[in-house]
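Just so you know, the sequences run in chain order A and B. For the first sequence, position 38 (counting from the first letter as 1) is numbered 38 according to this note's numbering, and the numbering increases by one without interruption. For the second sequence, position 91 (counting from the first letter as 1) is numbered 1091 according to this note's numbering, and the numbering increases by one without interruption.
2 protein chains.
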Amino acid sequence: MAADPERIREVVNRYVELVGSGTSEEIVALYAEGATVEDPVGSEVLSDRDGIRAFYAGLDGLEKDTRLVTVRIAGGAAAFHFEVGTHVGEQTYTVTPIDVMTFDDDGLITSMKAFWGDADMVSA
Amino acid sequence: MAADPERIREVVNRYVELVGSGTSEEIVALYAEGATVEDPVGSEVLSDRDGIRAFYAGLDGLEKDTRLVTVRIAGGAAAFHFEVGTHVGEQTYTVTPIDVMTFDDDGLITSMKAFWGDADMVSA
Chain A
1 MAADPERIRE VVNRYVELVG SGTSEEIVAL YAEGATVEDP VGSEVLSDRD GIRAFYAGLD
61 GLEKDTRLVT VRIAGGAAAF HFEVGTHVGE QTYTVTPIDV MTFDDDGLIT SMKAFWGDAD
121 MVSA
Chain B
1001 MAADPERIRE VVNRYVELVG SGTSEEIVAL YAEGATVEDP VGSEVLSDRD GIRAFYAGLD
1061 GLEKDTRLVT VRIAGGAAAF HFEVGTHVGE QTYTVTPIDV MTFDDDGLIT SMKAFWGDAD
1121 MVSA
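Quick look at the structure:
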């Protein structure tokens, strides 16, 4: 029994919101024990909680805003397109990944893969 | 050695174009031997060429148009959002999936997963 689509939608919305204005601890709490993170796809797969925490801790303290562009949910999994803008002084660096997540029955994230490349980051 | 990002981009563009106006044979030719298709995610995974051919043959003869909305390429894989409009009489049924594909070194598709649900189809 996969998580309910509406539950998955809530978790995706919450994830995008927390990447914008939450703490790494709050983000890590959305992940199941034993979850994996591959961001971007092709980089090292993080499979332990400390590694995942350290990955998101890199975002702590940065001024960011995020926006969910669109989400598709099927078979207990989600693919979603979102934007992350990071503000550094006068500059804003915007990256717009497509993330794919799987979930356990409780709606905790069991895997995340982020599809983006250098070409998908712009600064203005 | 994964396929080159530019090669992957070409194949994704060609795939979307062929879903719109190609034949099932032309689409199947983009797939590697042993490729898998899961469309939508959560449905039966097709893992033989005849099954994949039969899946796309269901589209033959329908009047369709397609549009690639956006594509992200990373680690020899792609995630892309596209639209398929199918015209039946006065009606147009539009479905807007996010597909995830992996590729072999030659840029042939080794797997396809399509993320969409009933909520992502509209008729007008």
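Ideal Cβ placement from N, Cα and C applies to all residues, glycine included.
Could you give the DSSP three-state label for residue i: helix, strand or coil?
i: Gly-51 (chain A); result: helix
i: Leu-62 (chain A); result: coil
i: Asp-1120 (chain B); result: helix
i: Leu-1018 (chain B); result: helix
i: Glu-1006 (chain B); result: helix
i: Val-1037 (chain B); result: strand
i: Ser-1024 (chain B); result: helix
i: Ala-1029 (chain B); result: coil
Taking the beta carbon of residue i as the centre, do at least 16 other beta carbons fall within 10 Å, making it buried, or is it exposed?
i: Val-1088 (chain B); result: exposed
i: Glu-1033 (chain B); result: exposed
i: Val-1044 (chain B); result: The amino acid at residue 1044 (chain B) is misidentified as Val; the sequence shows Glu. So Glu-1044 (chain B) ends up on the exposed side.
i: Ser-1021 (chain B); result: exposed
Got a sec? Which residues, its chain only, sit under 6 Å from residue i by beta carbon, not counting five neighbours each side?
i: Ser-123 (chain A); result: Gln-91, Tyr-93
i: Thr-1102 (chain B); result: Ala-1077, Thr-1110, Ser-1111
i: Thr-96 (chain A); result: Glu-83, Asp-120
i: His-81 (chain A); result: Val-69, Thr-70, Ile-98
i: Pro-1174 (chain B); result: What is shown of chain B runs 1001 to 1124, which leaves residue 1174 (chain B) out entirely.
i: Thr-1086 (chain B); result: Leu-1062, Lys-1064, Tyr-1093
i: Arg-67 (chain A); result: Glu-83
Once the 5 residues before and after residue i are set aside, which same chain residues still bring their CB inside 8 Å of it?
i: Leu-30 (chain A); result: Val-11, Arg-14, Tyr-15, Leu-18, Leu-108, Ile-109
i: Val-28 (chain A); result: Arg-49, Ile-52, Arg-53, Tyr-56
i: Arg-1072 (chain B); result: Ala-1078, Ala-1079, Phe-1080
i: Glu-26 (chain A); result: Leu-18
Report all residues from its chain with a CB closer than 7 Å to the CB of residue i; omit the five preceding and five following residues, and keep chain order.
i: Leu-46 (chain A); result: Thr-36, Val-37, Ile-52, Phe-55
i: Arg-9 (chain A); result: Val-71, Ile-73
For this session: Please list the residues of the region 108-119 of chain A that have a C-beta atom closer than 7 Å to any C-beta atom in chain B, keeping them in chain order.
Result: Phe-115, Trp-116, Gly-117
For this session: Could you list the residues in the region 58-73 of chain A with a C-beta less than 8 Å from some C-beta on chain B, going in chain order?
Result: Thr-70, Arg-72, Ile-73
For this session: Report the residue ranges of all beta strand (DSSP E) runs contained in full by the region 1059-1100 of chain B; include only those spanning at least 3 residues, in chain order.
Result: 1063-1074, 1077-1088, 1091-1095
For this session: Would you list, in chain order, the members of the region 1075-1108 of chain B that have their beta-carbon closer than 9 Å to a beta-carbon of chain A?
Result: Gly-1075, Gly-1076, Ala-1077, Ala-1078, Ala-1079, Phe-1080, His-1081, Thr-1096, Pro-1097, Ile-1098, Asp-1099, Val-1100
For this session: Anything in the region 1029-1042 of chain B with a Cβ closer than 7 Å to a Cβ of chain A? List those residues in chain order, please.
Result: Pro-1040, Val-1041, Gly-1042
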